[in-house]
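*Asks:*
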Ligand code: TRP
Ligand code: SF4
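In my numbering, the protein residues as written are 1 to 328.
(1) Can we say the region 177-187 touches the region 141-148, given the rule of at least three CB pairs closer than 8 angstroms?
(2) Would you kindly work out how many angstroms separate the C-alpha atoms of residue 14 and residue 265, rounded to a whole number?
(3) Give me the Cα-Cα distance between residue 39 and residue 251, rounded to the nearest whole angstrom.
(4) Leaving aside the five residues before and after residue 185 along the sequence, list all residues of the same chain whose C-beta is less than 8 angstroms from its C-beta, in chain order.
(5) To the nearest angstrom, how far is it from the Cα of residue 156 to the Cα of residue 256?
(6) In terms of residue numbering, what span does the alpha helix (DSSP H) encompassing residue 111 cover?
(7) Compute every distance between the C-beta of residue 11 and the non-hydrogen atoms of the ligand TRP, then say whether any falls below 7 angstroms.
(8) Quick one: is the Cβ of residue 334 within less than 7 angstroms of any heavy atom of the ligand TRP?
(9) Along the chain, which unbroken stretches of the beta strand (DSSP E) at least 3 residues long are found entirely within the region 121-185?
(10) Taking the DSSP output, what are the residues bridged to residue 42?
(11) Would you check whether the ligand TRP has a heavy atom nearer than 7 angstroms to the C-beta of residue 8?
(12) Does DSSP put residue 329 in a helix, in a strand, or in coil?
(13) Do you know offhand how far residue 187's Cα is from residue 328's?
(14) Could you tell me which residues DSSP puts in a beta bridge with residue 206?
(15) Contact between the region 3-18 and the region 59-67 is defined here as three or more beta-carbon pairs at a separation below 8 angstroms; is this criterion met?
(16) Please list, in chain order, all residues of the same chain as residue 280 whose beta carbon is under 8 angstroms from its beta carbon, the five residues on each side excluded.
(17) Take residue 238 and list the residues in its own chain whose beta-carbon comes closer than 7 angstroms to its own, dropping the five residues that flank it on each side.
(18) Take every Cβ of the region 23-37, pair it with every Cβ of the region 119-126, and state whether three or more of those distances are shorter than 8 angstroms.
(19) Thinking just about the alpha-carbon of each residue, which of 220, 219, 267, 207 is nearest to the one in residue 236?
(20) Can you tell me whether residue 192 is buried or exposed? The criterion is at least 16 other CB atoms within 10 Å of its CB, across all chains shown.
(21) For the ligand SF4, any of its heavy atoms closer than 7 angstroms to the Cβ of residue 189?
(22) So if DSSP puts residue 6 in a beta bridge, which residue, or which two residues, is it bridged to?
(23) Which whole-angstrom value is the C-beta distance of residue 129 and residue 50, which I expect to be below 8 angstroms?
(24) Hey, how far is the Cα of residue 8 from the Cα of residue 253?
(25) Distance check for residue 154 and residue 373, CA to CA, integer angstroms please.
(26) Closer than 7 angstroms to a non-hydrogen atom of the ligand SF4 - does that hold for the CB of residue 108?
(27) What do you reckon, is the C-beta of residue 236 under 7 angstroms from a heavy atom of the ligand SF4?
(28) Here's the rule: buried if 16 or more other CB atoms are within 10 angstroms of the residue's CB, otherwise exposed. What is residue 269?
(29) Give the single residue among 87, 117, 152, 181 whose Cα lies nearest to the Cα of residue 135.
(30) Just curious, the alpha helix (DSSP H) that residue 269 is in, first and last residue?
(31) Return yes when at least one heavy atom of the ligand TRP lies under 7 angstroms from the C-beta of residue 18, else no.
(32) So, is residue 297 buried or exposed, given that buried needs 16 or more other C-beta atoms within 10 angstroms?
(33) Measure the C-alpha to C-alpha separation of residue 233 and residue 182 and round it to an integer number of angstroms.
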């Protein structure tokens, strides 16, 4: 049997996961588990690049992210689940790659320029922040990953990874495959205010939210902005609640809702209530599994240790090759 291709991806532990994360990344990662040899990790060193002033919550976020992952369906039996800072080899490879990475490659990285503007409240004129993609390259190539499932915003980082891998191979001999970005379909669901769902916008529905919290949040959702009164016909195609229905409600009912919205037979309050019920039900298994893992912190810690041990063994093998190639 042909060897399964290797997938690698990571998430920064910046807080609890929401539906935007689920439909934008995690659901895809879960699906890939059966077909590929998947390595998924929590990028806690990367969280430091922008949040170095405020590190107190990081270890809590790491544990909770693993619980979110496990509850949603990532499986430690199928995939290698680990934490970046547990594998010191990432740091060693990062250091070596930093020797061969031209600074202009990093300075013209679009996410670098973008984040500098967006996070202007933080001082990001640090070496570590500029070097973010070098650490990411180390994360990826240390496992000789073939494919990296990411959203469009991360494609430039995979591109820099390819360039760094190519440069290493050119200087020291062929050690690393060049990984391909595997684009994740972007999720159409938005936050309650119709902006991108984000913890910092306060417009998110979290996987760990209680049914009461979900109902309350859904009731604040902005619908078709043109529809002021219940007697006005609505347009489901511009309504975020309708996007949720498409994900969580059976298709016959979805068509009915669309019709009743257009003919003003259903009001937004009722429509949202229906959606909230379905969403609550769909997230029920995740909440149940979360309870199970929360009651057993040792099990979660063991999953992290076991996964990290598996990852480390692979990383150590690669580093043997790297040191031999670099002659150091
Ligand atoms: N930069 C990624 C993000 O913010 C997280 C990340 C770190 C990553 N290392 C990675 C993603 C390696 C894929 C592969 O989403
Ligand atoms: Fe949106 Fe439903 Fe209101 Fe139509 S009835 S605008 S689909 S919330």
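Backbone N, C-alpha and C fix where the C-beta goes; we use that ideal spot for every residue, glycine too. Being a predicted model, the structure only gives us computed values, none of them experimental.
*Replies:* Reading from the atomic positions:
(1) Yes, the region 177-187 touches the region 141-148.
(2) Roughly 42 angstroms separates the two Cα atoms.
(3) Going by the C-alpha atoms only, they are around 34 angstroms apart.
(4) Only 28 meet the Cβ criterion.
(5) If I take the Cα positions, the gap works out to 42 angstroms.
(6) Start and end: 110-118.
(7) Yes.
(8) The structure shown has nothing for residue 334, since the chain only spans 1 to 328.
(9) Entirely contained in the region 121-185, the beta strand (DSSP E) runs reaching 3 residues are, in chain order, 147-150, 180-183.
(10) In the DSSP secondary-structure assignment, residue 42 is bridged to 11, 83.
(11) Inclusion of residue 8 in the 7 angstroms shell around the ligand TRP follows from its C-beta lying nearer than that to a non-hydrogen atom of the ligand.
(12) Because the chain here runs from 1 to 328, residue 329 falls outside it and cannot be looked at.
(13) Residue 187 and residue 328: Cα-Cα distance of roughly 46 angstroms.
(14) Looking at the DSSP assignment, residue 206 forms a beta bridge with 18.
(15) A contact is defined here as three or more CB-CB pairs under 8 angstroms, and the region 3-18 meets this definition with respect to the region 59-67.
(16) The residues 211, 214, 215, in chain order, have a CB closer than 8 angstroms to that of residue 280 in the same chain once the five nearest residues on each side in sequence are set aside.
(17) Here the set comprises 224.
(18) Touching, no.
(19) Relative to the Cα of residue 236, the nearest Cα in the group 220, 219, 267, 207 belongs to 267.
(20) It counts as buried.
(21) Not so, every heavy atom of the ligand SF4 lies at least 7 angstroms from the Cβ.
(22) Bridge partners of residue 6: 37.
(23) Their Cβ separation, rounded to whole angstroms, is 7 angstroms, which keeps residue 129 and residue 50 in contact under 8 angstroms.
(24) Roughly 38 angstroms separates the two Cα atoms.
(25) Residue 373 lies beyond the residue range present for the chain, which begins at 1 and ends at 328; the question has no answer from this structure.
(26) Checking every heavy atom of the ligand SF4 against the Cβ of residue 108, none is found closer than 7 angstroms.
(27) Checking every heavy atom of the ligand SF4 against the Cβ of residue 236, one is found closer than 7 angstroms.
(28) With fewer than 16 Cβ atoms within 10 Å of its Cβ, residue 269 is classed as exposed.
(29) Nearest of 87, 117, 152, 181 to residue 135, Cα basis: 87.
(30) Boundaries of the alpha helix (DSSP H) around residue 269: 268-294.
(31) Taking 7 angstroms as the cut-off, the C-beta of residue 18 does not count as close to any heavy atom of the ligand TRP.
(32) Around the beta carbon of residue 297, a 10 Å sphere encloses fewer than 16 other beta carbons of the protein chains shown; the residue is thus reported as exposed.
(33) Rounded to whole angstroms, residue 233 and residue 182 show a C-alpha spacing of 40 angstroms.
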